[in-house]
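*Asks:*
2 protein chains.
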Amino acid sequence: MATSAPRDTLVNVDLGARSYPIAIGAGLLARADIAAHVHGKRALIVTNTTIEPLLADVLKARLAGIEVEVLALPDGEQYKTLDSLNLIYSHLLEHGHDRKTTLIALGGGVVGDITGFAAASYQRGVNFIQVPTTLLSQVDSSVGGKTAVNHPLGKNMIGAFYQPQAVFIDTDCLATLPPREFAAGLAEVVKYGAIVDAEFFAWLEQHAEALLARDGDALSYAIEQSCRAKAAVVSSDETEQGRRAILNLGHTFGHAIETWQRYTGLLHGEAVAVGMLMAARLSALRGWLSAAEVARLAALLEALGLPTAVPAGMQVEDFSKLMLRDKKVLDGQLRLVLMGAIGEAMVVVDTPPELLLESIAQSL
Amino acid sequence: MATSAPRDTLVNVDLGARSYPIAIGAGLLARADIAAHVHGKRALIVTNTTIEPLLADVLKARLAGIEVEVLALPDGEQYKTLDSLNLIYSHLLEHGHDRKTTLIALGGGVVGDITGFAAASYQRGVNFIQVPTTLLSQVDSSVGGKTAVNHPLGKNMIGAFYQPQAVFIDTDCLATLPPREFAAGLAEVVKYGAIVDAEFFAWLEQHAEALLARDGDALSYAIEQSCRAKAAVVSSDETEQGRRAILNLGHTFGHAIETWQRYTGLLHGEAVAVGMLMAARLSALRGWLSAAEVARLAALLEALGLPTAVPAGMQVEDFSKLMLRDKKVLDGQLRLVLMGAIGEAMVVVDTPPELLLESIAQSL
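In order, the protein sequence lines correspond to chains A and B.
Sequential numbering of the first sequence, starting at 0, is according to numbering that gives the first Met the number 0.
Sequential numbering of the second sequence, starting at 0, is according to numbering that gives the first Met the number 0.
1. Flag this pair as yes or no: are the beta carbons of Ile341(B) and Ala193(B) separated by less than 8 Å?
2. Can you list, in chain order, the residues of its chain whose CB lies under 6 Å from that of Cys226(A), leaving out five sequence neighbours each side?
3. Work out the CA separation of Ala270(A) and Gly312(A) for me, nearest whole Å.
4. Do you know offhand how far Ser89(B)'s Cα is from Ala118(A)'s?
5. For the 8 Å Cβ check, are there 3 or more pairs between the stretch 39-58 of chain A and the stretch 94-104 of chain A?
6. What are the uninterrupted segments assigned as alpha helix (DSSP H) that are 4 or more residues long and contained completely in the stretch 31-69 of chain A, given in chain order?
7. Got a sec: is the Cβ-Cβ distance from Asn85(B) to anything in chain A below 8 Å?
8. Which of the three DSSP states, helix, strand or coil, is assigned to Val110(B)?
9. What's the gap between the Cα of Tyr19(A) and the Cα of Asn47(B)?
10. Going along the stretch 85-100 of chain B in order, which residues come within less than 9 Å of chain A, judged by CB to CB distance?
11. When the Cα atoms are used, what is the spatial distance from Gly24(B) to Val57(B)?
12. Can you tell me which residues form a DSSP beta bridge with Gln129(B)?
13. Roughly how far, in whole angstroms, is the beta-carbon of Ile168(B) from the beta-carbon of Leu105(B), given that I think they are within contact range, below 8 Å?
14. Got a sec: is the Cβ-Cβ distance from Ser120(B) to anything in chain A below 8 Å?
15. Is it the case that the Cβ atoms of Ile256(B) and Gly268(B) are separated by a distance below 8 Å?
16. Less than 6 Å between C-beta atoms, sequence neighbours within five positions excluded: which residues of the same chain meet that for Lys327(B)?
17. Give me the subset of the stretch 154-176 of chain B whose CB atoms are less than 7 Å from a CB atom of chain A, sorted by chain position.
18. Does the distance from the CB of Leu299(B) to the CB of Glu204(B) come in under 8 Å?
19. Of all the CB atoms in chain A, is at least one closer than 8 Å to the CB of Val12(B)?
20. Just how far apart, CA to CA, sit Gly75(B) and Val109(B)?
21. Going along chain B in order, which residues have a C-beta closer than 7 Å to the C-beta of Leu450(A)?
22. Flag Ala298(B) as yes when its Cβ comes closer than 7 Å to any non-hydrogen atom of the ligand ZN, and as no otherwise.
23. Under a Cβ-count criterion, where at least 16 other Cβ atoms within 10 Å of its own Cβ denotes burial, should Gln240(B) be classed as buried or exposed?
24. As an exercise, report each continuous alpha helix (DSSP H) stretch of at least 4 residues that is fully enclosed by the stretch 211-262 of chain B, in chain order.
25. Residues of chain B with CB closer than 8 Å to the CB of Gly124(A), please, in chain order.
26. So Thr146(B) packs on Leu218(B), CB below 8 Å; how close in whole Å?
27. Take the Cβ of Glu353(B) as the centre, count every other Cβ of all protein chains shown within 10 Å, and call the residue buried at 16 or more, exposed below.
28. Distance check for Gly107(B) and Ser362(A), CA to CA, integer angstroms please.
29. Answer yes if the stretch 126-136 of chain A comes into contact with the stretch 175-187 of chain A, meaning at least three C-beta pairs across the two stretches below 8 Å, and no otherwise.
30. Output the distance between the C-alpha atoms of Lys320(B) and Gly111(B), rounded to the nearest integer angstrom.
31. For Val348(B), count neighbouring Cβ atoms within 10 angstroms of its own Cβ and tell me buried if that reaches 16, exposed if not.
32. Given that a residue counts as buried once 16 or more other Cβ atoms are within 10 Å of its Cβ, and exposed if not, what is Gln162(B)?
33. Can you tell me the Cα-Cα spacing of Gln77(A) and Gln122(B), whole angstroms?
34. Is it the case that the Cβ atoms of Ile113(B) and Leu84(B) are separated by a distance below 8 Å?
35. Three-state secondary structure (DSSP) at Tyr191(B)?
36. Which one of Thr8(B), Val12(B), Arg6(B) has the shortest CA to CA distance from Ser235(B)?
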């Protein structure tokens, strides 16, 4: 008896001439035709030393007929630097890669962001394919074309908007992800429900347990809906002139937490979880969100194993000081993403400072 | 009696949403409304230590109402590096520039190329204005959006296609340009006539003396026609997928000369002059250009004080070896820009090696 064919899903990111497909499925890396998206004869897989022994050979097997090299960067956010970028440039030049080469990012957000910017800038732009291996990178950084490296004076300060040819998401990669990292990725999944899709939010409330158990079907569906939501938002505003900023729900509060902890406490997704709840409380103070909706958000985050409390010791002043130097403060204005309802977000610039302070105080 | 108004010329570079104006005129920097093209409240002028004392204050006077800083990089191609780029990023971050800042490049091609790439990559792209001060940068690098820095393993290997908001060209800046640099810029001017504008080529033949005397009207007209020619080519192929490559007439031969001399002999424009004549000879060998047309090109280059001879000691093998590792060798194919007539260029990939060698031998 024949087994049923694997159920791979395709999501299209609609950006005119820069449109591209996202393929999602369990075990996808064992069967996807990745070579079809390599337009030249050569490719460089950029990965890190943790992922390379696990997946580099699996990926190479999908690139028959193409001359492929592998470059493994050291693993960790502290290596998301101009120096790592230069390692990629030097490899490409030492090995004679020309403008027709393709860079393939195999790893989490750090690998994807560095490799994307290397592809954007090597000989003024070469082809680029994303193979994200963490939940966070699958639902967030691999979709939408934001690439960057950090500068000692600020995260993601150097980069480009640059779209890949294609994204391949294999949910089997998540089997070995540590529980905190997995949950941190789910925070961004919740975010998509919160900002644009009330129905998906309700689905998440019903399937929290299945997701935590890493059920393949539940994961595929959650990733697909997340990618669809992000793709729709990005399609409407590729270079973040306005609307795209709703993807930052919880990020301004979360960024203040991460900075206050000097990036040694909560993971990014965990800080975003706390930040989303703070944004929801502020939205309630402005009269837009009901107390019951704030409670639903808190309950879902907790059900998914995410923190909802501000780190002990952090004060109202810590937030207000840090949030006013956030890069989202354009021309001195505090831009915040708030919620009009579950499934509806807006970018507002008229937050009364006393309400901001009150929402922070409520969260301590 | 009122004096007549200065005759500034406007050339539009037509790139859809990325279109921008080029303003050209003698004394333009004393009157142009540059502030109108700065969209935020802050700007950083990036220049070099040679230009800063001559022109930084003149430019600042055109930016009333805007908070302006000046950053002077060391002067020279050897500083067109990732390190110089990082000086710009660090300045911007130390001084709290956000995504609404504007970078203004004041200088020659090196300053323009570095500053353009800094603008392309700082916070994923900020506004950018070009104020080119050398003839070469006025007619070439400031138009078309190619930005880059060098890598130890190759020139212009790291960069982006990134268009400015506006370009301001003051022909008075050329008064103090050393004669060799001035002539080197004229080589690129001749190129535009050679590739797309036979009428302009004939005009150059008639006005070589006026140009060498740096006559204001002649210079303005030559720069205007050069910018129009480049703008038309760039509009048809912004990211150099095909047609734009005709702008490289003479560059593959010229690049071989520069590399053989380790960039310590001929200036770029001088090497391009020699290279254009070599390309013309090859075009004649293919039967496309008459001997008379080759002679006209040689005579015009000489009238403008440009070299036409290959450097002493350089052999046929030096060219063939270097040209086959040029980055224009895509997928192992030698792409050359040849001439079908004066005012007509084409990109060809089917050059018989023996004709290439013969054209080189003719030039030694």
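Where a beta carbon is used, it is the ideal one built from N, C-alpha and C, also for glycine.
*Replies:* With the structure as the only source:
1. By one-based count along the second sequence, residue 341(B) stands at place 342. By one-based count along the second sequence, residue 193(B) stands at place 194. Yes; because the gap between Cβ atoms is below 8 Å, this pair is in contact.
2. Reading the first sequence from its first residue, position 227 is the one you call residue 226(A). Answer for Cys226(A): Val10, Ile21, Val142, listed in chain order.
3. Along the first sequence, read from residue 1 onward, the residue named residue 312(A) stands at position 313. Along the first sequence, read from residue 1 onward, the residue named residue 270(A) stands at position 271. CA-CA distance, Gly312(A) to Ala270(A), rounds to 15 Å.
4. Here residue 89(B) corresponds to residue number 90 of the second sequence, with the count starting at 1. Here residue 118(A) corresponds to residue number 119 of the first sequence, with the count starting at 1. Cα to Cα, Ser89(B) sits roughly 23 Å from Ala118(A).
5. Three or more beta-carbon pairs separated by less than 8 Å link the stretch 39-58 of chain A to the stretch 94-104 of chain A, which places the two stretches in contact.
6. 51-59
7. For the purposes of this step, residue 85(B) is taken as the residue at position 86 of the second sequence. Yes, Asn85(B) counts as interfacial toward chain A.
8. Translated into the one-based positions of the second sequence, residue 110(B) becomes position 111. Here Val110(B) sits in helix by DSSP.
9. The residue you call residue 19(A) lines up with position 20 of the first sequence. The residue you call residue 47(B) lines up with position 48 of the second sequence. Cα to Cα, the separation comes out at about 42 Å.
10. Answer in chain order: Asn85, Tyr88, Ser89, Leu91, Leu92, Glu93, Gly95, Asp97, Arg98, Lys99.
11. Taking the second sequence and counting its residues from 1, one reaches residue 24(B) at position 25. Taking the second sequence and counting its residues from 1, one reaches residue 57(B) at position 58. Looking at the two C-alpha atoms, the distance is approximately 15 Å.
12. Residue mapping note: residue 129(B) aligns to position 130 of the second sequence, counting from 1. In DSSP, Gln129(B) forms a bridge with Ala104(B), Val166(B).
13. What you label residue 168(B) is simply residue 169 of the second sequence in a count that begins at 1. What you label residue 105(B) is simply residue 106 of the second sequence in a count that begins at 1. With a Cβ gap of about 12 Å, Ile168(B) and Leu105(B) do not count as contacting.
14. Stepping through the second sequence from its first residue, residue 120(B) is reached at position 121. Yes, because at least one Cβ of chain A sits closer than 8 Å to the Cβ of Ser120(B).
15. For the purposes of this step, residue 256(B) is taken as the residue at position 257 of the second sequence. For the purposes of this step, residue 268(B) is taken as the residue at position 269 of the second sequence. Contact flag unset, no.
16. Position 328 of the second sequence, counted from the first residue, corresponds to residue 327(B). Legend: pLDDT at Lys327(B) = 47, less than 50; position of this residue unreliable, value from coordinates given subsequently. So the list reads Thr251, Arg334, once near-sequence residues are dropped.
17. For the stretch 154-176 of chain B, which is checked against every Cβ of chain A, the residues closer than 7 Å are Met156, Ile157, Gly158, Ala159, Phe160.
18. Taking the first residue of the second sequence as position 1, residue 299(B) is located at position 300. Taking the first residue of the second sequence as position 1, residue 204(B) is located at position 205. It is a contact, given that the beta carbons lie within the stated cut-off.
19. Along the second sequence, one-based indexing puts residue 12(B) at 13. Not an interface residue.
20. As a working mapping, residue 75(B) is identified with position 76 in the second sequence. As a working mapping, residue 109(B) is identified with position 110 in the second sequence. Spanning the two alpha carbons is a distance of roughly 7 Å.
21. Any question about residue 450(A) goes unanswered here, given that chain A covers just 0 to 363.
22. Absence of the ligand ZN is noted for the structure shown, with no ligands found whatsoever.
23. Within the second sequence, the letter at position 241 stands for residue 240(B). That one is exposed.
24. 215-235, 250-259
25. If you number the first sequence from 1, residue 124(A) lands on position 125. Those are Ala159, Phe160, Thr238, listed as they occur along chain B.
26. Counting from one through the second sequence, the residue named residue 146(B) turns up at place 147. Counting from one through the second sequence, the residue named residue 218(B) turns up at place 219. Rounded, the Cβ-Cβ distance is 25 Å, inconsistent with contact.
27. Stepping through the second sequence from its first residue, residue 353(B) is reached at position 354. Burial call: exposed.
28. The sequence position of residue 362(A) within the first sequence is 363, counting from 1. The sequence position of residue 107(B) within the second sequence is 108, counting from 1. Going by the C-alpha atoms only, they are around 54 Å apart.
29. Cβ pair count under 8 Å is three or more, so yes.
30. One-based indexing of the second sequence puts residue 320(B) at position 321. One-based indexing of the second sequence puts residue 111(B) at position 112. So the alpha carbons of these two residues sit roughly 31 Å apart.
31. As a working mapping, residue 348(B) is identified with position 349 in the second sequence. Under this definition Val348(B) is an exposed residue.
32. Here residue 162(B) refers to the residue found at position 163 of the second sequence. It is buried - the Cβ of Gln162(B) has at least 16 other Cβ atoms within 10 Å.
33. Taking the first residue of the first sequence as position 1, residue 77(A) is located at position 78. Taking the first residue of the second sequence as position 1, residue 122(B) is located at position 123. Straight-line Cα distance between these residues: approximately 19 Å.
34. One-based indexing of the second sequence puts residue 113(B) at position 114. One-based indexing of the second sequence puts residue 84(B) at position 85. Their beta carbons are under 8 Å apart, which means Ile113(B) touches Leu84(B) by this criterion.
35. For the purposes of this step, residue 191(B) is identified with residue 192 of the second sequence, where counting begins at 1. Reduced to three states, the DSSP call for Tyr191(B) is helix.
36. Walking along the second sequence from the start, residue 235(B) turns up at place 236. If we check each option's Cα against that of Ser235(B), Val12(B) comes out closest.
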